[in-house]
Amino acid sequence: MTTGAAATPTEAQHLLVGETNVMPLRVEQYQKMVEIGMLPEHASVELLDGLLVIKDRRDGEGDIMTEGRFHRAIRGLLAELIADQLDRSIAFVDQNSPFELKPFSVPEPDVYVARGTRRDYFQKLPAASDMLLVAEIAHSSLPGDRSSKFARYASAGIPNYWIVNVPASIVEAWSAPVPEKNIYTKSTVYQRDDTISLDLLPDLGLTVAAKDFLPEE
1 MTTGAAATPT EAQHLLVGET NVMPLRVEQY QKMVEIGMLP EHASVELLDG
51 LLVIKDRRDG EGDIMTEGRF HRAIRGLLAE LIADQLDRSI AFVDQNSPFE
101 LKPFSVPEPD VYVARGTRRD YFQKLPAASD MLLVAEIAHS SLPGDRSSKF
151 ARYASAGIPN YWIVNVPASI VEAWSAPVPE KNIYTKSTVY QRDDTISLDL
201 LPDLGLTVAA KDFLPEE
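Heads up, the sequence shown is in full-length UniProt numbering, so the first residue is 1 and it goes up one at a time.
Structure representation (structure tokens):
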């Protein structure tokens, strides 16, 4: 386990460099597109900074529209380990599900823990302020998870962000966000033999062994 101080990631790359005549989609417009069937609910895209972005869940190479076997297995294992420890009256875990990061983003992280119960969200999506932990399973998506998503989640004040670095078989855990600077100020790198512990809420802790969801080297 390695603990570090503040780090500033590379600034998020604009998808349309030099383009000025672009009208970004707002969260409400994106949700309306899903509601009326313009965009299938389970399409492999997410709204990021007003743009529809294909989600990269490959195991390195391959079809970007197809989730890799390692990616799928790690996602499921991590979600199960977290769910086993949650008090479902105060928090729940979800996979590949959207939350609102207004006004221009509806990210769909691989795993997240949100405050409240599922019944609280019958009529609305969770908001960034509801997030307790967001985790991205990273292989070919690693550069973006370390830069644009890092900055996006930090700017929203999401307290805990994990990058499960599949090629290195480590977990890069970030906390203590500074929203106005788009950074996290505390980082810890967990090796496969380490145990990860954190407090999601004052009365809700989480402890998972990295080897229980990371692949063998």
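In this text, a Cβ means the ideal position worked out from N, Cα and C, and glycines have one as well.
Between S169 and E217, is the Cβ-Cβ spacing less than 8 Å? Indexing the sequence shown from 1 puts residue 169 at position 169. Indexing the sequence shown from 1 puts residue 217 at position 217. Note that the C-beta distance between S169 and E217 is below 8 Å.
Length of the line joining the Cα atoms of V22 and L51: Indexing the sequence shown from 1 puts residue 22 at position 22. Indexing the sequence shown from 1 puts residue 51 at position 51. Taking the Cα positions, V22 is about 9 Å away from L51.
To the nearest whole angstrom, what separates the beta carbons of P109 and E80, a pair I think is in contact under 8 Å? Against the sequence shown, residue 109 aligns to sequence position 109. Against the sequence shown, residue 80 aligns to sequence position 80. With a Cβ gap of about 16 Å, P109 and E80 do not count as contacting.
Three-state secondary structure (DSSP) of A83: Locating residue 83 in the sequence shown gives position 83, counting from the first residue. It is helical.
Output yes or no for whether 8 Å exceeds the beta carbon distance between E46 and V134. Along the sequence shown, one-based indexing puts residue 46 at 46. Along the sequence shown, one-based indexing puts residue 134 at 134. Contact annotation: E46 and V134 have beta-carbon atoms that are not nearer than 8 Å.
If you draw a straight line from the C-alpha of S89 to the C-alpha of E28, how long is it? By one-based count along the sequence shown, residue 89 stands at place 89. By one-based count along the sequence shown, residue 28 stands at place 28. A direct Cα-Cα distance of roughly 29 Å separates S89 from E28.
Can you round the beta-carbon distance between Y184 and A138 to whole angstroms, since I take them to be within the 8 Å contact cut? Residue mapping note: residue 184 aligns to position 184 of the sequence shown, counting from 1. Residue mapping note: residue 138 aligns to position 138 of the sequence shown, counting from 1. At roughly 16 Å, the Cβ-Cβ gap does not stay under 8 Å, so Y184 and A138 are not in contact.
State the DSSP-derived secondary structure class of L204, mapped to helix, strand or coil. As a working note, residue 204 is residue 204 in the sequence shown. In the structure shown, L204 sits in a strand (DSSP, three-state: E or B).
Coil, strand or helix - D212 by DSSP: In the sequence shown, residue 212 corresponds to position 212, counting from 1. In the three-state scheme derived from DSSP, where H, G and I count as helix and E and B as strand, D212 is classed as helix.
Can you tell me whether S141 is buried or exposed? The criterion is at least 16 other CB atoms within 10 Å of its CB, across all chains shown. Within the sequence shown, numbered from 1, the residue matching residue 141 stands at position 141. A residue is called buried when at least 16 other Cβ atoms come within 10 angstroms of its Cβ; S141 meets this threshold and is buried.
Unbroken stretches of the alpha helix (DSSP H), 4 residues or longer, contained in the UniProt domain "Putative restriction endonuclease" (58-209): For the alpha helix (DSSP H) assignment, the uninterrupted runs of no fewer than 4 residues enclosed by the UniProt domain "Putative restriction endonuclease" (58-209) are, from N- to C-terminal side, 69-83, 142-146, 148-155.
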